[in-house]
Amino acid sequence: MGRAYSALLPYEKWQATQDIISAAAIDAGRKPGDIMRMAQLVGTITEAAGAVTLRGEEPIRTDAAGWARILFDLATETGFDTFVYWPETSDETQLRRWIGDVVPATRALWTRRSSRS
Numbered sequence: 000m001g002r003a004y005s006a007l008l009p010y011e012k013w014q015a016t017q018d019i020i021s022a023a024a025i026d027a028g029r030k031p032g033d034i035m036r037m038a039q040l041v042g043t044i045t046e047a048a049g050a051v052t053l054r055g056e057e058p059i060r061t062d063a064a065g066w067a068r069i070l071f072d073l074a075t076e077t078g079f080d081t082f083v084y085w086p087e088t089s090d091e092t093q094l095r096r097w098i099g100d101v102v103p104a105t106r107a108l109w110t111r112r113s114s115r116s
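Numbering-wise (numbering that gives the first Met the number 0), the sequence shown opens with residue 0 and increments by one.
Written as structure tokens, this is what we have:
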């Protein structure tokens with residue numbers, strides 16, 4: 000669907016667009032942190048870790064720990080605070096892995112970060 004509407008933005012352009020949004024918020028008298036930042040991530044949560052390079056429009060294919068690291072990095076480095084997972088297949092296993100594995104692993108990364116602060 001995204002391709003049909005030319006709505007997919009390559010990963011490597013995400014930071015620049017976030018900077019534009021932040022500047023626009025400041026120009027409008029708003030705090031950049033008050034703007035919700037949502038990323039739609041297409042891919043597959045695999046059983047085994049896979050090499051991940053966020054380039055172009057390639058789907059993400061890695062295990063739950065890899066997905067958690069991606070979400071954590073996007074939140075801490077790019078400012079995204081909301082994530083939409085768009086599985087490549089309609090396999091119910093993907094939803095279970097997202098809820099049961101990726102979300103808890105991401106929370107664990109946040110907890111470790113918070114305890115260091």
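C-beta: ideal position from N, C-alpha, C; glycine also.
For clarity, every value in this text was computed on a predicted model and none was experimentally measured.
query	result
For the stretch 34-98, which segments carrying the alpha helix (DSSP H) assignment without a break, of at least 4 residues, lie completely within its bounds, in sequence order?	63-72, 91-96
Please report the straight-line C-alpha distance between valine 51 and glutamate 76, rounded to a whole angstrom.	16 Å
Okay, do the stretch 51-60 and the stretch 88-105 touch, 3+ Cβ pairs below 8 Å being the bar?	no
Starting from the C-beta of glutamate 87, find all residues in its chain whose C-beta is less than 7 Å away, skip the five residues before and the five after it, and write them out in chain order.	Val41, Gly42, Thr43, Pro58
Can you give the Cα-Cα distance for tryptophan 85 and glycine 99, rounded to whole angstroms?	16 Å
Pick helix, strand or coil for lysine 12, following the three-state DSSP scheme.	helix
Thinking just about the alpha-carbon of each residue, which of Phe82, Glu91, Gly78 is nearest to the one in glutamine 14?	Gly78
Please state the DSSP three-state secondary structure of alanine 27.	coil
Could you have a look at leucine 7 and say whether DSSP puts it in helix, strand or coil?	coil
Would you kindly work out how many angstroms separate the C-alpha atoms of isoleucine 25 and arginine 96, rounded to a whole number?	38 Å
Rank Met37, Ala74, Gln17 by C-alpha distance to the C-alpha of proline 31 and give the top, closest one.	Gln17
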